[in-house]
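Notes for the one structure printed next.
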Amino acid sequence: MITRRRFFQLAAAAAAAPVLPGVSFAAGEAAAKDAAQGNVLQAVIVPEPAGWVAGLNISNPAVIVSVNVFDGLVTYDDAFRPVPQLAQSWEESADRRTITFHLRKDVRWHDGQPFTSADVQYSLMAVTKPFHPRGGATFATLEAVDTPDDHTAVFRFTSPVPAVWSALGGYETQILPKHLYAGSPPLTNPLNAHPVGNGPYVFKEWVRGNYVVLERNPDYWDRTNLPHFERIVFRIMPDEGTRLAALESGDLRYAPTDAVALPDLVRLRSDPRFVVSSHVFDGIAPISFLDFNLRRKPFQDPRVRQAIAHAIDRDALAKVVWYGLAKPAQGPIPSYQTRFFKPGLPQYDYDPARAEALLDAAGYRRGADGVRLRINNLPLPFGNQYVLSAQFIQAGLRHIGVALTLVPTDVPTFNRRVYADYDFDTALNWYAAFADPQLGVTRRYWTKAIRPGSTSSNATGYSTPEMDRAIEGLVTVSDPVARKPFIDQLQQIAQEQVPSVNLLELHFYAIHAASLGGFSNTPMGAYSSLASVHDA
């Protein structure tokens, strides 16, 4: 096993590889100092996304900002039960194929226009179902949204979808203003960069590379939950050291995720000035994975994919790179989701000899230089942990004669190359499994989830009739007992055919100053608005 010391020696040597140019933060720092004059919450996000509408961009930073600007049909309590928000009440038919939502009458968009059922209908049928990376699976059987009046929206499904009740929050099924989106392609609407919502904060300004400013909505409908802070400034700071220094100096008071290096995170957990929590991401259920581009010849042979899986010491990856704050994944569904997880799945334990034998059998023998294959990898540009993980994998593959070249990118380039142009050999990423496999897992393996330009969808190009049958069964069958075999089949096929290697069950951490209170304690806490956050 590679030790932490040895790994970081190797990583330091690899640091001579090209990196992206830095960004000046002078303007952001000046804005932050100005903001400090008033009742302002200073926060940080990383990395900077391409837009701020979670209904179309599901990256962590986009969602974390967006949930302050948009409310959902429902929100959730500490037990993850739906609580009224834009929908003040609802009824479900006896056959569970129809849900009637009664909408609030006192909600207005930030431009002053009224919120109506037409917005709900448009958002579900014209945005979420066709374009949201998870929406196609979640709402696969949604036939129509009827609008008998301005304040009633009737969801009609061809078969019941129990998982839908875990997906109606503003972080997932976001309602957009029809009057500002209809008639133009949703994915390229300029308002994705300056959203108009209906939530507790109004999107005020985005200075690219520096900061985003939200301002308290004076007309917010929920008078019992008016925002405590006048403004929230989300500062964009790519450098871990800069973020850490700002936290420790008090310039930053909230860091939702990926803010500091893990050794520093471990230290901050015992610092009384800070509260470090992981439960606020429990509902996301993140898993890291290595995708193969099955459109390219080497990866069309399952023996090559299995060989690479055997060359990754996932136990050491969890201990060395992730400081024991992760554990090896056993499949595409986290092992702690016992309702869905299937024990006894095929595993790819660290076995370099087996990996070499598989590559020999596939016809990829070592050349005179000892190299069998030369491939590239795009690590997710969401913080140093993913680069370090890619370097760790690179070292393991070197031992079996596979030369892995790391290709650094920024977020727009990563999304374009992986999810639009399919211009990659392998990609290191993570995904949210969420509370039900229909919501988070199916998009990685379903043929219908191969949607060029849709981020966090099926990037591998994996498509098989047996997997499609399993997925179509689990999204259309509502009885839990009858549904479980389809979920088991999905996991079994995914582990046998290995279109991607499921690496680690991750835990994300949020950091905030101990002088703050009012953060959400729900499993989706970090994906909740900051309206209730206040000085303790």
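Counting in our numbering, the sequence shown runs from -13 upward without gaps.
All C-beta atoms, glycine included, are put in the ideal place defined by N, C-alpha and C.
For the structure I just gave you, are there three or more beta carbon pairs, one from the segment 453 to 460 and one from the segment 418 to 434, closer than 8 Å? Contact between the segment 453 to 460 and the segment 418 to 434 is established, with three or more Cβ pairs separated by less than 8 Å.
Backbone CA spacing between L364 and T228 [nearest angstrom]: Rounded to the nearest angstrom, the two C-alpha atoms are 25 Å apart.
Using the beta-carbon count (16 or more within 10 Å), is N211 buried or exposed? Exposed, because fewer than 16 other Cβ atoms sit within 10 Å of the Cβ of N211.
Are the segment 236 to 256 and the segment 472 to 491 touching by the rule of at least three beta carbon pairs closer than 8 Å? Proximity of the segment 236 to 256 to the segment 472 to 491 falls short of the contact definition, fewer than three beta-carbon pairs being nearer than 8 Å.
Indicate whether the contact test is met: 3 or more Cβ pairs, each with one atom in the segment 342 to 356 and one in the segment 299 to 313, closer than 8 Å. Result no; under three Cβ-Cβ pairs closer than 8 Å.
Which of helix, strand or coil does DSSP assign to D355? Here D355 sits in coil by DSSP.
Could you tell me whether any Cβ in chain D is nearer than 8 Å to the Cβ of V388? Here there is only one protein chain, and chain D is not present.
What does the Cβ neighbour count give for R209, buried or exposed, with the cut at 16 atoms within 10 Å? Exposed.
With a cut-off of 8 Å on the beta carbons, I'd call T114 and E129 a contact; round off their distance for me. With a contact defined as Cβ atoms closer than 8 Å, T114 and E129 miss out at about 14 Å.
Q380 lies in the alpha helix (DSSP H); which residues open and close that run? Counting along the chain, the unbroken alpha helix (DSSP H) around Q380 starts and ends at 370 to 384.
Apart from the five residues on each side of it in sequence, which residues of its chain come closer than 6 Å, Cβ to Cβ, to A517? P186, N211, P213, listed in sequence order.
Please classify A339 as buried or exposed, where buried requires at least 16 neighbouring CB atoms within 10 angstroms. Counting C-beta atoms within 10 angstroms of its own C-beta, A339 has fewer than 16 neighbours from the protein chains shown and is therefore classed as exposed.
Nearest-angstrom Cβ-Cβ length linking F275 and W432, presumed shorter than 8 Å: With a contact defined as Cβ atoms closer than 8 Å, F275 and W432 miss out at about 16 Å.
Please name the residue, chosen from S45, D64, K91, that lies closest to P509 on a Cα-to-Cα basis. The closest CA to that of P509, considering only S45, D64, K91, is found on D64.
Of the residues Y448, R358, N401, D454, which one's Cα is nearest the Cα of S442? Looking at the Cα atoms, N401 is the closest of the given residues.
Do N178 and H96 have their C-beta atoms closer together than 8 Å? Their beta carbons are not under 8 Å apart, which means N178 does not touch H96 by this criterion.
What does the Cβ neighbour count give for V69, buried or exposed, with the cut at 16 atoms within 10 Å? That one is exposed.
Roughly how many angstroms lie between the CA atoms of A13 and N196, to the nearest whole one? The predicted model places A13 with a pLDDT of 35, which falls under 50 and marks its position as unreliable, so this point remains unresolved.
Report the option in L89, G169, P146 whose CA atom is closest to the CA atom of R469. Minimum Cα distance to R469 is reached at P146.
One question on the structure: do A293 and L344 come within less than 8 Å of each other, judged by their Cβ atoms? Going by C-beta atoms, A293 is nearer than 8 Å to L344.
C-alpha distance - L110 paired with N507, whole-angstrom precision: Their backbone Cα atoms lie some 28 Å apart in a straight line.
Tell me, please, whether the segment 29 to 38 touches the segment 153 to 168 by the rule of three or more beta-carbon pairs shorter than 8 Å. As far as the Cβ criterion goes, the segment 29 to 38 does not touch the segment 153 to 168, which means the pair count is below three.
DSSP three-state call for H296: helix, strand or coil? When secondary structure is reduced to three states using DSSP, H296 falls in the helix class.
Are V198 and W192 touching if we call contact CB-CB under 8 Å? Remark: C-beta atoms of V198 and W192 approach each other more closely than 8 Å.
Which residue marks the beginning of the alpha helix (DSSP H) containing D454, and which one marks its end? It spans 451 to 462 - the alpha helix (DSSP H) in which D454 sits, taken as one unbroken run.
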